[in-house]
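Just so it is clear: in the sequence shown, position 58 is 80 by our numbering, and no numbers are missing. Glycine included, each C-beta is placed from N, C-alpha and C at the ideal position. In this text, all values refer to a predicted model and were calculated from it rather than measured experimentally.
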Amino acid sequence: MVKKICLVGAPHSGKTALLERYIYNRWHAEYLPTMAPKVTRSVATFPMPERIQEIQMQMMVWDFPQVDKAAQRVGARLRGASGVLALVRPGDDVVGDLGRLRAWIHDHEPAAAVLGVLSHFDEANLSEAHLAQLESQLAPRGIQLVSTSAKTGQGVRAAFLRLGEAVVRSSPI
Ligand SMILES: Nc1nc2c(ncn2[C@@H]2O[C@H](COP(=O)(O)OP(=O)(O)OP(=O)(O)O)[C@@H](O)[C@H]2O)c(=O)[nH]1
Ligand SMILES: [Mg+2]
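Structural data, given as structure tokens:
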């Protein structure tokens with residue numbers, strides 16, 4: 023299957039760094055703002071135990087310039103997406119920002135699977151208790167959260183694979 027996956031989040035939230043780590047296992051500390059949309063193809067294989075078969079998915083991952091202010095977001099590039107990784111930084115209003123990103127995504131692509139990504143996790147000074155509290159605030163809103171660091175690689179593969187699994191589960195085969 024071929025699926026469109028989008029990376030969303032405020033400027034500097036780490037979309038490009040996450041993608042570079044996942045696809046090329048590369049890391050740059052410098053900030054190079056994304057100026058033009060880019061689509062990167064990646065292939066992942068997902069087991070389907072209940073069917074004794076596997077699904078190979080070509081993820082066409084869209085990384086494009088975005089704005090900070092929720093009211094100014096334009097959603098045309100989300101159309102046709104099957105999955106979205108929604109990035110927030112630990113210092114942000116994680117619950118509020120993810121809620122606004124999710125509402126924006128659903129306005130444009132209601133069927134897309136959405137996974138919250140807490141990026142820059144290596145810099146976060148988050149206690150287990152605080153993380154558990156964020157998760158418990160997001161759970162009733164139906165948002166799951168994975169913590170990632172593009173710098174160390176922590177959680178990066180898990181984020182893409184978890185989203186891919188959600189896309190496979192929601193796709194008729
Ligand atoms: N320490 C740390 N820095 C990160 C991480 N992810 C991204 N960065 C840094 O944060 C800055 C912004 O990352 P980008 O990936 O360019 O952010 P972006 O969301 O693509 O930004 P725009 O293209 O402007 O929308 C860069 O300097 C990255 O090196 C992370 O997990 N840990
Ligand atoms: Mg970028």
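Quick check: the Cα distance between residue i and residue j, rounded to an integer number of angstroms?
{"i": "residue 139", "j": "residue 111", "result": "8 Å"}
{"i": "residue 89", "j": "residue 71", "result": "41 Å"}
{"i": "residue 126", "j": "residue 94", "result": "10 Å"}
{"i": "residue 134", "j": "residue 182", "result": "14 Å"}
{"i": "residue 166", "j": "residue 105", "result": "13 Å"}
{"i": "residue 38", "j": "residue 184", "result": "18 Å"}
{"i": "residue 157", "j": "residue 73", "result": "32 Å"}
{"i": "residue 137", "j": "residue 48", "result": "22 Å"}
{"i": "residue 86", "j": "residue 161", "result": "28 Å"}
{"i": "residue 77", "j": "residue 46", "result": "22 Å"}
{"i": "residue 50", "j": "residue 115", "result": "26 Å"}
{"i": "residue 55", "j": "residue 29", "result": "14 Å"}
{"i": "residue 190", "j": "residue 69", "result": "10 Å"}
{"i": "residue 155", "j": "residue 52", "result": "32 Å"}
For residue i, which of the options has the nearest alpha-carbon?
{"i": "residue 177", "options": "25, 26 and 41", "result": "41"}
{"i": "residue 153", "options": "113, 181 and 186", "result": "113"}
{"i": "residue 58", "options": "115, 136, 92 and 99", "result": "99"}
{"i": "residue 43", "options": "188, 141, 159 and 25", "result": "141"}
{"i": "residue 129", "options": "75, 51, 92 and 159", "result": "92"}
{"i": "residue 219", "options": "117, 26 and 155", "result": "Here the chain comprises residues numbered 23 to 195, so residue 219 is not present and cannot be evaluated."}
Report buried or exposed for residue i, applying the criterion of at least 16 other Cβ atoms within 10 angstroms of its Cβ.
{"i": "residue 84", "result": "buried"}
{"i": "residue 79", "result": "buried"}
{"i": "residue 119", "result": "buried"}
When you compare the CB positions of residue i and residue j, do they come within less than 9 Å of one another, or not?
{"i": "residue 103", "j": "residue 123", "result": "no"}
{"i": "residue 81", "j": "residue 175", "result": "no"}
{"i": "residue 163", "j": "residue 97", "result": "no"}
{"i": "residue 131", "j": "residue 101", "result": "yes"}
{"i": "residue 23", "j": "residue 193", "result": "yes"}
{"i": "residue 159", "j": "residue 117", "result": "yes"}
Please report whether the beta-carbon of residue i lies at a distance below 9 Å from any beta-carbon of chain B.
{"i": "residue 108", "result": "Looking at the structure shown, chain B is missing, and only one protein chain is on hand."}
Could you tell me whether the segment 136–151 touches the segment 169–184, where touching means 3 or more Cβ pairs closer than 8 Å? yes
Does the structure place the segment 28–37 close enough to the segment 59–68 that three or more beta carbon pairs sit under 8 Å? no
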